[in-house]
């Protein structure tokens, strides 16, 4: 079976490439990254702020049922070209994986399909390997249940 | 026993992967782990049992409490970390796709 999401993390490099084809028109895919309410839904984290524009910034935060903050991240948006490109930084607070630079390239494949290429650069090879080994941001997964509820309601 | 297959079965489940990510940052008791999920406590216990059986987690008696640690050596033996990472992103993108397919622009 063809895998919809592809990940390339070459040995000894401090970057990761993530490619995904979506059964969504380009505009809808881009909107999922642009609109704070939608980001909140699919990422399963509270979006404290998100200014989708050049020189904008954002802050995410996830709390558990008792209100303890499990995950907090922030970054600045360097480039924002609707339906084409987003370049931003991403850094988690209280997580020993440093800062990362994320380059998102959006592309239409026609017939209501689109493609996202994520190029993520880490501070070092070691930090990249750590992220790959332990998955993505702790906290985002914890909110998976909540996200499933959101999707469930939409169906 | 096919240990390799067992490890992959263990990480094929989203809740078990979430547990691994959680415990990766700090060792935790079963109760503290369960508090992060809406799932019933016995279900979380079952997941912990599976992760312990295939040695991805190591329980350690600490006074009266049992703390679960990530077994880094075993984690390194999982042949393909990238696959675990890929599956996480795949799920995340699947959610994005599902949400956007139901998206109705506000008038």
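Chains as they are written, first to last, in the numbering used here: chain A, 1 to 155; chain B, 1001 to 1107. Even for Gly, the Cβ is constructed at its ideal location relative to N, Cα and C.
What did DSSP end up calling residue i once you bin it into helix, strand or coil?
| i | result |
| --- | --- |
| residue 1058(B) | strand |
| residue 1025(B) | helix |
| residue 5(A) | strand |
| residue 116(A) | strand |
| residue 93(A) | coil |
| residue 122(A) | coil |
| residue 32(A) | helix |
| residue 19(A) | strand |
| residue 1046(B) | helix |
| residue 24(A) | coil |
| residue 1085(B) | helix |
| residue 1037(B) | coil |
| residue 1072(B) | helix |
| residue 53(A) | coil |
| residue 37(A) | helix |
| residue 1092(B) | helix |
| residue 1030(B) | helix |
Taking the alpha carbon of residue i as the reference point, which residue from the options has its own alpha carbon closest?
| i | options | result |
| --- | --- | --- |
| residue 1058(B) | 1097(B), 1024(B) and 1090(B) | 1024(B) |
| residue 1067(B) | 1034(B), 1090(B), 1104(B) and 1014(B) | 1034(B) |
| residue 1046(B) | 1019(B), 1065(B) and 1026(B) | 1019(B) |
| residue 100(A) | 88(A), 12(A) and 21(A) | 88(A) |
| residue 1105(B) | 15(A), 130(A) and 32(A) | 32(A) |
| residue 25(A) | 95(A), 111(A) and 68(A) | 111(A) |
| residue 1051(B) | 1065(B), 1039(B) and 1069(B) | 1069(B) |
| residue 1084(B) | 133(A), 46(A), 47(A) and 103(A) | 133(A) |
| residue 108(A) | 131(A), 118(A), 122(A) and 83(A) | 83(A) |
| residue 1017(B) | 1093(B), 1087(B) and 1102(B) | 1087(B) |
| residue 59(A) | 49(A), 11(A) and 122(A) | 49(A) |
| residue 1043(B) | 1013(B), 1095(B) and 1091(B) | 1013(B) |
| residue 124(A) | 20(A), 68(A) and 13(A) | 13(A) |
Please report the distance separating the alpha-carbon of residue i from that of residue j.
| i | j | result |
| --- | --- | --- |
| residue 81(A) | residue 40(A) | 21 Å |
| residue 53(A) | residue 1061(B) | 51 Å |
| residue 79(A) | residue 85(A) | 7 Å |
| residue 63(A) | residue 1026(B) | 17 Å |
| residue 120(A) | residue 91(A) | 12 Å |
| residue 1041(B) | residue 55(A) | 45 Å |
| residue 201(A) | residue 1037(B) | Because residue 201(A) is not part of the residues shown, which for chain A are 1 to 155, the question remains open. |
| residue 74(A) | residue 35(A) | 16 Å |
| residue 1103(B) | residue 95(A) | 33 Å |
| residue 46(A) | residue 126(A) | 29 Å |
| residue 103(A) | residue 1039(B) | 35 Å |
| residue 3(A) | residue 118(A) | 16 Å |
| residue 1022(B) | residue 27(A) | 34 Å |
| residue 65(A) | residue 114(A) | 36 Å |
| residue 44(A) | residue 131(A) | 19 Å |
| residue 68(A) | residue 37(A) | 22 Å |
| residue 1093(B) | residue 5(A) | 8 Å |
| residue 10(A) | residue 1048(B) | 32 Å |
Just to check my reading of the structure: residue i and residue j have Cβ atoms closer than 8 Å, yes? What is that Cβ distance to the nearest angstrom?
| i | j | result |
| --- | --- | --- |
| residue 7(A) | residue 1082(B) | 6 Å |
| residue 29(A) | residue 1100(B) | 7 Å |
| residue 16(A) | residue 128(A) | 6 Å |
| residue 1097(B) | residue 22(A) | 5 Å |
| residue 51(A) | residue 72(A) | Between residue 72(A) and residue 51(A) the Cβ distance is about 18 Å, and since that is not below 8 Å, they are no contact. |
| residue 1065(B) | residue 1029(B) | 5 Å |
- Using a beta-carbon distance cut-off of less than 7 Å, what residues from the region 109 to 127 of chain A approach chain B? The region 109 to 127 of chain A vs chain B, Cβ under 7 Å: nothing.
- Contact set between the region 1090 to 1107 of chain B and chain A, restricted to residues whose Cβ is under 9 Å from the partner: Identification of residues in the region 1090 to 1107 of chain B having a C-beta nearer than 9 Å to some C-beta of chain A yields 1090, 1091, 1092, 1093, 1094, 1095, 1096, 1097, 1098, 1099, 1100, 1101, 1102, 1103 and 1105, given in sequence order.
- Message: Residues of the region 1036 to 1064 of chain B in Cβ contact with chain A at a cutoff of 7 Å, in chain order, please.
- Response: Those would be 1036, 1037 and 1038, in chain order.
- Mind checking the region 4 to 22 of chain A against chain B and listing, in chain order, the residues whose C-beta falls within less than 7 Å of any C-beta there? Residues passing the 7 Å Cβ filter: 4, 5, 7, 9, 18, 20 and 22.
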